[in-house]
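In the working numbering, the protein residues as written are 1 to 89.
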């Protein structure tokens, strides 16, 4: 196998009721709110599940232009507050 060794299989899990999931910020994951709802185990690419590609980077889910505008607005607001407070003192 060209010097590569298979060490495991990555699996993708799906749920019947996506509304029964909530996002847990501490672990950056989704957790089922119903103990009876069991995840359905799939192999990537089979049964219409997501595919995984080795050596590729995930695309960003952030709009860099929008974030730069937000940053500039925040800096301007900070400077306005700072100037106001220093004039009062």
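A virtual CB, placed ideally from N, CA and C, is assigned to each residue, including glycine.
Check your understanding: So residue 39 and residue 13 are in contact, right, with Cβ under 8 Å, and what is the actual spacing, rounded?
Key -> 4 Å
Point to revise | Rounded C-alpha distance that separates residue 62 from residue 69 | key: 13 Å
Check your understanding: Are residue 32 and residue 21 close, meaning C-beta to C-beta below 8 Å?
Key -> yes
**Study point:** Spatially closest choice to residue 19 from 30, 11, 26 and 25, by CA coordinates
**Key:** 30
**Study point:** Option in 9, 89 and 85 with minimal Cα separation from residue 53
**Key:** 9
Exercise for review: Alpha carbon to alpha carbon, how far is residue 50 from residue 57? Give it in angstroms, no decimals.
Suggested key: 15 Å
Practice item. Would you give the residue range spanned by the alpha helix (DSSP H) that residue 73 belongs to? Key: 64–88
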